[in-house]
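Report on the following structure.
This is the structure:
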(Lines of atoms letter the chains of each structure in order from A and count residues from 1; the text may use other names and numbers.)
(Lines give C-alpha, C1' and ligand atoms only; values in the text may rest on other atoms or scores of the structure.)
Protein backbone atom coordinates (compact mmCIF):
# COMPACT_ATOMS: atom_id res chain seq x y z
CA UNK A 1 0.00 0.00 0.00
CA UNK A 2 1.26 3.48 -0.89
CA UNK A 3 1.82 5.75 2.07
CA UNK A 4 -0.01 9.09 1.99
CA UNK A 5 1.91 12.15 0.87
CA UNK A 6 1.28 15.51 2.50
CA UNK A 7 1.56 18.95 0.92
CA UNK A 8 1.99 22.12 2.91
CA UNK A 9 1.38 25.19 0.78
CA UNK A 10 2.56 28.39 2.43
CA UNK A 11 2.69 32.08 1.54
CA UNK A 12 6.14 33.33 0.56
CA UNK A 13 4.97 36.96 0.72
CA UNK A 14 4.07 36.43 4.39
CA UNK A 15 7.38 34.65 5.05
CA UNK A 16 5.75 31.51 6.41
CA UNK A 17 8.50 29.13 5.25
CA UNK A 18 9.78 28.57 8.81
CA UNK A 19 6.27 27.76 10.05
CA UNK A 20 5.73 25.38 7.12
CA UNK A 21 9.10 23.70 7.71
CA UNK A 22 8.44 23.30 11.42
CA UNK A 23 4.99 21.85 10.69
CA UNK A 24 6.52 19.40 8.20
CA UNK A 25 9.15 18.35 10.75
CA UNK A 26 6.50 17.73 13.41
CA UNK A 27 4.32 15.68 11.06
CA UNK A 28 7.29 13.61 9.87
CA UNK A 29 8.37 12.97 13.46
CA UNK A 30 4.90 11.96 14.64
CA UNK A 31 3.95 9.91 11.57
CA UNK A 32 7.38 8.60 10.56
CA UNK A 33 6.07 5.13 9.70
CA UNK A 34 2.79 6.27 8.11
CA UNK A 35 3.81 9.07 5.70
CA UNK A 36 5.44 8.72 2.31
CA UNK A 37 6.51 12.37 2.02
CA UNK A 38 5.85 15.91 3.13
CA UNK A 39 6.29 18.51 0.42
CA UNK A 40 6.54 22.27 0.92
CA UNK A 41 4.90 24.30 -1.84
CA UNK A 42 5.56 28.05 -2.10
CA UNK A 43 2.42 30.09 -2.69
CA UNK A 44 1.10 33.62 -2.33
CA UNK A 45 -1.93 35.49 -1.08
CA UNK A 46 -1.78 34.44 2.57
CA UNK A 47 -2.18 30.72 1.88
CA UNK A 48 -1.33 28.11 4.51
CA UNK A 49 -2.90 24.76 3.68
CA UNK A 50 -2.12 21.22 4.70
CA UNK A 51 -3.57 18.51 2.48
CA UNK A 52 -3.17 14.89 1.56
CA UNK A 53 -2.17 14.47 -2.09
CA UNK A 54 -5.19 13.00 -3.90
CA UNK A 55 -7.08 13.24 -0.61
CA UNK A 56 -8.81 15.71 1.67
CA UNK A 57 -7.76 19.15 2.78
CA UNK A 58 -6.65 18.81 6.40
CA UNK A 59 -6.25 22.50 7.25
CA UNK A 60 -6.83 25.85 5.55
CA UNK A 61 -5.82 29.04 7.35
CA UNK A 62 -8.37 30.99 5.32
CA UNK A 63 -11.27 28.64 6.15
CA UNK A 64 -10.37 28.38 9.84
CA UNK A 65 -9.28 32.03 10.13
CA UNK A 66 -6.16 30.97 12.07
CA UNK A 67 -3.14 28.73 12.02
CA UNK A 68 -3.54 25.22 13.40
CA UNK A 69 -2.31 24.17 16.78
CA UNK A 70 0.02 21.25 16.09
CA UNK A 71 -1.95 18.97 18.39
CA UNK A 72 -5.12 19.74 16.44
CA UNK A 73 -3.42 19.26 13.07
CA UNK A 74 -1.93 15.92 14.12
CA UNK A 75 -5.33 14.73 15.33
CA UNK A 76 -7.01 15.68 12.04
CA UNK A 77 -4.31 13.96 10.00
CA UNK A 78 -4.39 10.88 12.22
CA UNK A 79 -8.18 10.66 11.90
CA UNK A 80 -7.77 10.32 8.12
CA UNK A 81 -4.66 8.14 7.73
CA UNK A 82 -4.57 5.95 10.90
CA UNK A 83 -7.76 6.52 12.94
CA UNK A 84 -6.98 3.68 15.35
CA UNK A 85 -3.67 5.22 16.42
CA UNK A 86 -3.25 6.80 19.85
CA UNK A 87 -1.21 10.00 19.72
CA UNK A 88 -0.28 9.88 23.39
CA UNK A 89 0.07 13.37 24.86
CA UNK A 90 -1.45 14.93 21.71
CA UNK A 91 -4.71 13.11 22.46
CA UNK A 92 -4.98 14.21 26.06
CA UNK A 93 -7.27 17.09 26.88
CA UNK A 94 -5.50 20.16 28.23
CA UNK A 95 -6.62 21.30 31.66
CA UNK A 96 -7.33 25.01 31.88
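Numbering (the working numbering), first residue to last: 1475 to 1570.
Here a beta-carbon is modelled for each residue, glycine too, at the ideal position from N, C-alpha and C.
So which of 1538, 1506, 1527 has the shortest CA-CA distance to residue 1521?
As a first step, residue 1521 is located in the chain shown; it is residue number 47 there, counting from the start. When each option's Cα is compared against that of residue 1521, the closest is 1538.
Please return the same chain residues whose Cβ sits closer than 7 Å to the Cβ of residue 1498, not counting the five positions on each side in sequence.
The residue given as residue 1498 occupies position 24 in the chain shown. Taken in chain order, the residues that qualify are 1482, 1512, 1514.
Based on DSSP bridge pairs, tell me the residues matched to residue 1531.
By one-based count along the chain shown, residue 1531 stands at place 57. Answer is 1525.
Using a 10 Å radius around the Cβ and a threshold of 16 neighbouring Cβ atoms, would you call residue 1570 buried or exposed?
Residue mapping note: residue 1570 aligns to position 96 of the chain shown, counting from 1. Low confidence applies here, because residue 1570 scores a pLDDT of 45, under 50, leaving its location unreliable and the question unanswered by this model.
Find the nearest neighbour of residue 1530 within the set 1488, 1546, 1555, judged by alpha-carbon distance.
Locating residue 1530 in the chain shown gives position 56, where the first residue counts as 1. When only C-alpha atoms are compared, the closest one is 1555.
With distances taken from CA atoms, which of 1519, 1518, 1533 is nearest residue 1525?
Locating residue 1525 in the chain shown gives position 51, where the first residue counts as 1. Of the candidates 1519, 1518, 1533, the one whose C-alpha sits nearest the C-alpha of residue 1525 is 1533.
On the three-state DSSP scale, how would you describe residue 1447?
With the chain covering 1475 to 1570 only, the question about residue 1447 has no answer from this structure.
Run through DSSP, which three-state label would residue 1517 get?
Against the chain shown, residue 1517 aligns to sequence position 43. Residue 1517 falls in the strand class under three-state DSSP.
Rounded to a whole number of angstroms, what is the C-alpha to C-alpha distance between residue 1494 and residue 1509?
Working through the chain shown from its first residue, we reach residue 1494 at position 20. Working through the chain shown from its first residue, we reach residue 1509 at position 35. Going from the Cα of residue 1494 to the Cα of residue 1509 covers about 16 Å.
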